[in-house]
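Residue 1 is where the sequence shown starts when you use the UniProt record's numbering, and the numbers rise one by one after that. The structure under discussion appears below in the form of structure tokens.
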Amino acid sequence: MDSSTAKRRKLSHGGAGPSLHVGVAPTSASSAFVEATQELVHEVQIDYPQAFDGVDQTLHKFKNAIEAIESHDPELIGTLTSQFEKDEKNGKIKIPYPSPKPGKDSQYKLAFAKPAAFNVVGSYQLRTMVKSQTEFGVDMIVVMPKSLFQEKDFRDRRYFTKRAYYLAKITAALRNNFKADFDFSFHFLHGNSLLPVLSVRPKSSKSDVKKNYMIRMIPCAEPDIFPSSKLLPASNTHKDSTAPTPFYNSTLRAESLFLSYLQLVNGAAKTCGAYKEACMLGRVWLQQRGLDSTLSGGGFGHFEWAVLAALLLKSGGRKGEPILSSSLNASQIFKAIIQYLVGTNFQKKSVVIGSAANADSIRQSGPVLFDAGREHNLLFKMTPSSAGFLQQQAKWSLASLQSDSLDQFDSLFIVKVDQVLQIFDLVVRVNLPAETKPSQGSDHRGAIWEFGEKLYRISKRALGDRSQLVHLMVPGSSKWAVSANPTTTHESILVGFVLEPSHATRKMDLGPSVEQKAEATKYREFWGDIAELRRFQDGSILESIEWQLDSTMSIPEQVIRHIAKKHLALQAESLNFFGGNSFSAIAHTANTDAQYYAAARTAFDTLEKEIREIEDLPLHVRQIAPACPELRYASVHPPEPGKRLPMDLIISFEASSRWTDNIAANQRLKIAFLLKVGSSLTESNPEIKTHVGLEQVDHDSLNLAFLDVVNEDGFVFRLRLQSDADEKILDARLRNKQLEKHVHADAERWLAAYKRTYTYLPLHNQAVSTWCTRYPPLSDSIRILKHWFGSHKLASHFSEEVLELIALKAFLTPFPWQTPTSATTGFLRALQVIARWDWTDEPLIVDHSESSVVSDRSAVFARFHELRRSDPRMNRVVLFVATSHDASGTAYTQSGPSRVVANQMTKLARSACEFVKTKAVDLDPRSLFQSSLKHYDFVIRLNPKVVKNVLRDDGATHSRFKNLDVGRGGSILPLVQHPSKTLVEQLRAVYANALVFFHGGEDDNVVGALFNVELGKRTRKIDMPCAYKPGSDGDSLDVDQAAIVSEVARIGADLIEKIETKANN
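Written as structure tokens, this is what we have:
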């Protein structure tokens, strides 16, 4: 999971310039990154002769066929259109006119003349395609001659009407000549409804491999066909409107710039040897984030990246000097562009490369990166939403580049980032109003985009500091048959929100004061009747809004529903929300849980104070440390008074020579200490009840006793004593080479148990508690993850600390995303951590102290590889989880899981992640927590009533009349552990080599069991791992599964309700 062991993976489809200084990791990490990017470029490069076999000859044939089209003089559009579309020779091709189509009685005339030029442009010509593209496109521009256009054709779609007819003529000629070998269809270039283009795809043949490419025939204009001053962003080109039409103008301006940009990128490729490789890295980075040049893809793709890099190699500095040096390598150019995107807010201020004559003429409401040399806004297809999303992605990537504690390469180029539920805390599907769908906006971006941008603006304003990012997602356009009209089937759009956890659940929003009349009026106009004046304790009178914390809807959802109804007339049924509290509801986490954790913490603080006030203890108390999930906000259920399951505490005394050199004697001293602490507590506070219990009696070298303290408020704590002398004794045994091997092995095992209980657990408790305080969503993320493990009956194989560290890993190293800002994203990212963790070859390193250095990680890797060399079959330790406090990596995994269980964990996590990616907003969260019982050999169903009775008291008989309940007379002893956990542990001890048991934890009343597949026929009748019976051949023995099931039922006694074998499942 770390850069030191990063292997090159296949892409998952799923010195700097003078004014730019790229922050990078240390030299070693930087060198590794450079090597990795070089290898990536080599792997994704396309074998063009093989992938595009015969394309150049095909293009030449297309050129000849187009040049053979007969020219004709101008004719009325109505007559010409009717004749063309009805002509059988043309195959009844529908001319793809822009909407609204010209009327039949229009006096507008169309003509056709031979193209002025042909050229191949784009990635095919530049040779910057990559293998991971879903489809390869070869772009061939057909330059229409100036003679076809009049001076005012830039107005009112006249140019685009003539362009559509020109495209139809080209289509007819190519279709008539090549329909046997190619399929023809129309689609909008980059989703722009003004720019239909012809897609030509080779037909697959039985003798040939299917060719995965298409040829795009793109009509365009000659350079400077219209005055550039008429097509600046602030200009208006529609006679029926006075508003600027920046999108229309830039679309038309771009029509004459194909050759100019072709010269620009080719020039950059000649002057900078690494330019093409940097463009390929940029393409991979963009596609992993779902960004491309289409409107639906954000309007920033490979073309924009390549042009931006070329421009920065020529200019861009404050004094016009180049920002990028041509001597940089590909990874340096990539990093520099990422930093440029981070540091440049294209929405807030118009960015000009070169010198623009008039700043006002290029100003517009959307993002602006103005190429002054060509008088064109490179980002005209972007929206404020997509510009913010691009910059946010660049910020996350730059944070990854500046970190030396993770695999930079994977987070930038391997992980598929554009997963809606992984990025956004809340996603809203908005069903479009009927009047939005068919119409076109005045700027011809499309009515759906105008509606979406209005929704974006009001959502961003309404949420304010509750959200970090608001992103609009609109479906892309699709191709259509050349003999049909384009169809638009967009019924809905998505809006994603990255929330700010510290403000998202704020109950009260405060507006302007009563004295600010103008601002107050605007505030009420925006919010409507829910805004009201309130007087606060400090005497201020403010406009304010109070949201409902106890509502089934989250506060951000309440906000969005209100403003959508007020400003867009969207009713409740038009809005469908995803994410939010959906996963929390499944795991039964709630906002009110915080008060239970706070109460438990208060009870602990009170107990700690009372223990420290005991004056007659032989040794001074040095520390009382929590060592349980309840006191680090990580328990599946919040702590509640009256539960018989205690919370663990560790008491450490000052170092003293009073401890003996004999561990067994020290254990007895501990019992005396516990008795003294217990009696002192009950003397000082009669409401407190204490009980000394034995933990185990088999090994004197392990802890023998504990003290249970039942607080007056009902919380139960279990105290264990730490003795530094025990650690020294065990350590001395471990270093004594003269001892027998089994003694040495016992000392190693007992020392590991000692360190886990008395050293690592308190430190882990402190770390997780600290991070849960710093990151509020972490607590619920951990609890949901534990619930997921429990739902799939894996929880009993993992220590809770391992699951907490996995979730914490998702927060501390969140790249390629930001730190999760909700429990949903935290949980889903934790599943990603599991799915991507190759635990056979990589350790999981969780640097929760933020102080780990490269040398520390090197030591961890050295220990990991040594462990794998000494135990290649992973019989002792399967998962290696190292932390800032535990470099051994085995403190929490020494007792499990096994390889079988670890493989099951990985398979389930990968399936869940793939399911989440595939379903996206259609995901039913409950489906991730559903598990089948069919694959178990037999299933043990626990009796919930018996379990409940055991948890409630000590087993005394109860009457349904409380005054006759004899079990209420004495104090109830706390349980050693949950009864179902005790049963499963006993069964594992008895059938360690015969059965694998699966149990989900305290809430799970079903235990699954699988027979060991290595058990089979036996001829030896001694040392049997389980019950056997005579085989059918008389000489061998078969596993007696029925007898084993009967034994399990006998062991479980009343705790087991019934056992179902596989035949009955």
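Note that the Cβ used here is the ideal one computed from N, Cα and C, for glycine as well. Please read all numbers here as calculations on a predicted model, not as lab measurements.
Query: Any heavy atom of the ligand NAP closer than 7 Å to the CB of residue 1047?; Result: This structure does not include the ligand NAP; it has no bound ligands of any sort.
Query: At which residue ranges does the UniProt domain "Nrap protein" (138-270) contain complete alpha helix (DSSP H) runs of 4 or more residues, listed in the order of the chain?; Result: 158-178 and 246-254
Query: In the structure shown, what three-state DSSP assignment does residue 635 receive?; Result: coil
Query: On the premise that residue 306 lies in contact with residue 368, defined as a C-beta separation below 8 Å, what is that separation, rounded to the nearest angstrom?; Result: That pair is no contact at about 19 Å.
Query: Give me the residue from 512, 517, 592 and 763 with the minimum Cα distance to residue 551.; Result: 592
Query: How would you label residue 37, buried or exposed, when you count the other beta carbons within 10 angstroms and need 16 or more for buried?; Result: buried
Query: Among the candidates 952, 760, 769 and 782, whose CA atom is the shortest distance from the CA of residue 882?; Result: 760
Query: Is it true that the region 224-243 meets the region 272-281, where meeting means three or more beta-carbon pairs spaced less than 8 Å apart?; Result: no
Query: Which residues mark the beginning and the end of the beta strand (DSSP E) in which residue 426 is found?; Result: 426-431
Query: Per DSSP, which residues does residue 75 bridge with? Please list them.; Result: 110
Query: Are the Cβ atoms of residue 463 and residue 559 separated by less than 8 Å?; Result: yes
Query: Can you tell which of 160, 433 and 746 has its C-alpha closest to the C-alpha of residue 572?; Result: 433
Query: Using the C-alpha atoms, what's the distance from residue 140 back to residue 123?; Result: 11 Å
Query: Pick out whichever of 789, 723, 827 and 387 has its Cα sitting closest to the Cα of residue 659.; Result: 723
Query: Pair every Cβ in the region 383-393 with every Cβ in the region 336-356, then say whether three or more of these pairs are closer than 8 Å.; Result: yes
Query: Any Cβ of chain B within less than 8 Å of the Cβ of residue 1037?; Result: Considering every chain present, this structure includes no chain B. It has just one protein chain.
Query: Under a Cβ-count criterion, where at least 16 other Cβ atoms within 10 Å of its own Cβ denotes burial, should residue 813 be classed as buried or exposed?; Result: buried
Query: For residue 397 versus residue 816, is the C-beta spacing smaller than 8 Å?; Result: yes
Query: What is the DSSP secondary structure of residue 1074, counted as helix, strand or coil?; Result: What the structure shows of the chain is the stretch from 1 to 1065, and residue 1074 is not part of that stretch, so it cannot be assessed.
Query: Could you check if residue 580 is buried or exposed, using at least 16 other CB atoms within 10 Å of its CB as the buried criterion?; Result: buried
Query: Could you please give me the residues that DSSP links to residue 377 through a beta bridge?; Result: 370
Query: Among the candidates 451, 134, 409 and 422, whose CA atom is the shortest distance from the CA of residue 918?; Result: 422
Query: If contacts are defined as beta-carbon pairs under 8 Å, then residue 707 and residue 677 qualify, I think. What distance do you get, rounded to the angstrom?; Result: 6 Å
Query: Could you tell me the boundaries of the beta strand (DSSP E) in which residue 468 lies?; Result: 467-473
Query: Could you tell me which residues DSSP puts in a beta bridge with residue 1008?; Result: 939 and 998
Query: May I have the straight-line CA-CA distance separating residue 880 from residue 873, to the nearest angstrom?; Result: 14 Å
Query: Per DSSP, what kind of secondary structure is residue 437 in: helix, strand or coil?; Result: Because residue 437 carries a pLDDT of 49, less than 50, the predicted location of this residue cannot be relied on, and the following value inherits that uncertainty. Residue 437 falls in the coil class under three-state DSSP.
Query: Compute the Euclidean distance between the alpha carbons of residue 935 and residue 811, then round it to the nearest angstrom.; Result: 34 Å
Query: Between which two residues does the alpha helix (DSSP H) holding residue 979 run?; Result: 979-990
Query: Helix or strand or just coil, what does DSSP make of residue 1052?; Result: helix
Query: Taking buried to mean at least 16 other C-beta atoms within 10 Å of its own C-beta, is residue 968 buried or exposed?; Result: Here the model assigns residue 968 a pLDDT of 46, short of 50, so the residue's position is not dependable, and the following value carries that caveat. Exposed.
Query: With H, G and I counted as helix, E and B as strand and the rest as coil, what does DSSP make of residue 449?; Result: helix
Query: Does the beta-carbon of residue 1013 have 16 or more other beta-carbons within 10 angstroms, so that it is buried, or is it exposed?; Result: exposed
Query: Is the CB-CB distance between residue 239 and residue 156 below 8 Å?; Result: yes
Query: Here's the rule I'm using: 16 or more other beta-carbon atoms within 10 Å means buried, otherwise exposed. How should residue 824 be labelled?; Result: buried
Query: Which residue comes first and which comes last in the alpha helix (DSSP H) that contains residue 727?; Result: 724-735
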